[in-house]
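Visitor: Sharing a structure with you now.
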Amino acid sequence: MELRNEEVLGDYFVIKAEADGVNVIGLTRGSETRFFHTEKLDKGEVMIAQFTEHTSAIKVHGKATIQTKHGTITSE
1 MELRNEEVLG DYFVIKAEAD GVNVIGLTRG SETRFFHTEK LDKGEVMIAQ FTEHTSAIKV
61 HGKATIQTKH GTITSE
């Protein structure tokens, strides 16, 4: 199944660190899921990101608020 760009791109999400040292880890798309990018946020820092043809999932480690078009969740 071939994915069209508009099916993959366009979903933005916001991550706001509620404590120092929040790690945001990007996971690859494809037959093998791998870590490919990490960012470290300190309290109050905000990251606005987008899913791409290479990024299929995001892992958030630490206390943060994550906002998507589906709602808001707080990690602990």
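Taking full-length UniProt numbering, I'd label the letters of the sequence shown as residues 1 to 76.
We put the beta carbon where it would ideally sit given N, CA and C, even for glycine.
(1) Under 6 Å from any heavy atom of the ligand SAM, does the C-beta of Ile15 make it?
(2) Thr33 lies in the beta strand (DSSP E); which residues open and close that run?
(3) Figure out for me which residue from Ala57, Gln50, His61 and Thr55 has the closest Cα to the Cα of Val14.
(4) Output the boundary residues of the beta strand (DSSP E) element that contains Thr72.
(5) Are the beta-carbon atoms of Gly62 and Asn23 separated by less than 7 Å?
Guide: Reading it off the structure:
(1) Ligands displayed in this structure: none; no statement on the ligand SAM is therefore possible.
(2) As a position in the sequence shown, residue 33 is number 33, starting the count at 1. Unbroken run through Thr33: none, as it is neither H nor E.
(3) Your numbering for residue 14 matches position 14 in the sequence shown. For Val14, the nearest C-alpha among the options comes from Gln50.
(4) Translated into the one-based positions of the sequence shown, residue 72 becomes position 72. Residues Gly71 to Ser75.
(5) Numbered from 1 along the sequence shown, position 62 holds the residue referred to as residue 62. Numbered from 1 along the sequence shown, position 23 holds the residue referred to as residue 23. In this structure, Asn23 lies closer than 7 Å to Gly62 by Cβ.
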